[in-house]
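Peer 1: At position 59 of the sequence shown the residue is numbered 58 (numbering that gives the first Met the number 0), and the sequence of numbers has no breaks.
We treat Cβ as the ideally placed atom computed from N, Cα and C, and that holds for glycine.
Since the structure is predicted, the reported quantities are computational estimates derived from the model, not experimental observations.
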Amino acid sequence: MAKRQSINIGSGGHAAPIPMGSRIGNIVYSSAIGGRDEALGKIPDDPDEQAVACFNNVRAFMKACGGTPDDIIHMRLLMKDDKYRENLNKEWVKMFPDENSRPARHAEVPNRLGQGLFNVEITAILD
């Protein structure tokens, strides 16, 4: 049986003792992936820039686990406020341009969200 492997990227770790994600065999689940811009070393104030950084972090996470965004089967998008939905949608369409091949998705505004405007959680199945 395959053993669980923790997955981390850059300095995007969590304050709690948890990894960015975990993989067993070909199944990958992420913890919350936020909009910290690794090049800037901070979370951008601008919602568009933060959405770009968030999706860049998804790409980096998928690369770290040996996959690509094409392996994502489900994405959960968390927003601090519903007014930021379009900021995420712009990056969603860039990452998944083929409307006939997009992962399932759920977007919500939780009662509490950590730093930043967005968090993303993904489920992926690797080849």
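Measuring only the C-alpha atoms, how far is residue 34 from residue 51?
Peer 2: 7 angstroms
Peer 1: Over what stretch of residues does the beta strand (DSSP E) that includes residue 78 continue unbroken?
Peer 2: Residue 78 -> beta strand (DSSP E) spans 71-78.
Peer 1: The beta strand (DSSP E) spanning residue 118 covers which residue range?
Peer 2: 117-124
Peer 1: Using the Cβ count rule (16 or more neighbours within 10 Å means buried), how would you classify residue 38?
Peer 2: exposed
Peer 1: In whole angstroms, what separates the C-alpha of residue 84 from that of residue 4?
Peer 2: 32 angstroms
Peer 1: Checking the sheet assignment: what are the DSSP bridge partners for residue 30?
Peer 2: DSSP output for residue 30 lists no bridge partner at all.
Peer 1: Give me the Cα-Cα distance between residue 68 and residue 75, rounded to the nearest whole angstrom.
Peer 2: 14 angstroms
Peer 1: Which residues in the same chain as residue 66 place their Cβ atom closer than 6 angstroms to its Cβ, once the five residues preceding and following it in sequence are excluded?
Peer 2: 123 and 125
Peer 1: Along the chain, where does the alpha helix (DSSP H) containing residue 58 start, and where does it finish?
Peer 2: 46-63
Peer 1: In this structure, does DSSP put residue 81 in helix, strand or coil?
Peer 2: helix
Peer 1: Is DSSP giving residue 107 helix, strand or coil here?
Peer 2: strand
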